[in-house]
Amino acid sequence: MIREIAQHDHDHVIDLNQGALHAVSPLDHEGLSLLLKMSDSAYVADRDGDVAGFVITLPPDATYDSSRFRWFAERYDEFVYLDRVIVSPDHQRQGVGSELYEQLPTDVPVGLEVYSDNSKSLAFHAEQGFRAVGELEHNGIVNVMMLRDAA
């Protein structure tokens with residue numbers, strides 16, 4: 022079941038995030054609360070009470086201090102920024118990521134970045150209809166900027 026992130030999910034969401042630091046930036050309780058206040062959508066995939074994954078998106082007018090978010094804001098008037106999507110290792114290859122992506126809007130472009138050395142994520146996003154639209158180096162890491170056009 023896909024549902025909105027609730028207060029009782031915060032520890033699980035942070036644990037999943039911290040376990041995926043090879044692909045996302047760190048997140049603590051304060052950072053998660055700020056993200057959720059700015060977000061236009063924030064969902065978990067709930068598997069019998071277990072948080073199998075989560076997704077958080079931001080609108081273009083969010084006051085988010087991120088060079089990757091700003092990259093899209095400087096280039097696109099209308100978009101949704103997919104800040105992070107993480108699937109628990111215990112639930113990977115079970116359709117959880119695809120279910121979370123089904124929650125993304127289709128009426129506006131969706132932007133995100135993937136570390137250039139994360140071939141698994143690059144391939145997944147290509148399968149989801151995303152294409153590379155640029156690159157941005159941040160803290161010594163090359164980010165592939167990807168966009169899925171509105172349907």
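For any residue, its number in this note's numbering is found by taking its place in the sequence shown, counting from 1, and adding 21. In this text, a Cβ means the ideal position worked out from N, Cα and C, and glycines have one as well.
Taking only three categories from DSSP, how would you classify residue i?
i: residue 43; result: coil
i: residue 123; result: coil
i: residue 71; result: strand
i: residue 22; result: coil
i: residue 66; result: strand
i: residue 93; result: helix
i: residue 144; result: helix
i: residue 139; result: coil
i: residue 30; result: helix
i: residue 88; result: helix
i: residue 49; result: coil
Among all the DSSP beta bridges, which residues are the ones paired with residue i?
i: residue 102; result: 79 and 132
i: residue 156; result: 165
i: residue 107; result: 75
Taking 8 Å as the cut-off, decide whether the C-beta atoms of residue i and residue j are in contact.
i: residue 101; j: residue 80; result: yes
i: residue 37; j: residue 72; result: yes
i: residue 136; j: residue 44; result: yes
i: residue 125; j: residue 84; result: no
i: residue 117; j: residue 108; result: yes
i: residue 166; j: residue 153; result: yes
i: residue 67; j: residue 24; result: yes
i: residue 157; j: residue 114; result: no
i: residue 33; j: residue 74; result: no
Name the residue from the options whose alpha carbon lies nearest to the alpha carbon of residue i.
i: residue 27; options: 48, 162 and 54; result: 54
i: residue 99; options: 25, 24, 171 and 22; result: 171
i: residue 129; options: 48, 93 and 148; result: 93
i: residue 105; options: 56, 157 and 25; result: 56
i: residue 155; options: 97, 149, 110 and 123; result: 97
i: residue 30; options: 47, 151, 46 and 63; result: 63
i: residue 46; options: 123, 168 and 160; result: 160
i: residue 168; options: 140, 103 and 139; result: 103
i: residue 120; options: 48, 145 and 39; result: 145
i: residue 91; options: 134, 140 and 50; result: 134
i: residue 151; options: 51, 138, 127 and 162; result: 127
i: residue 138; options: 122, 123, 149 and 164; result: 164
i: residue 70; options: 22, 123 and 59; result: 22
i: residue 48; options: 35, 59 and 60; result: 35
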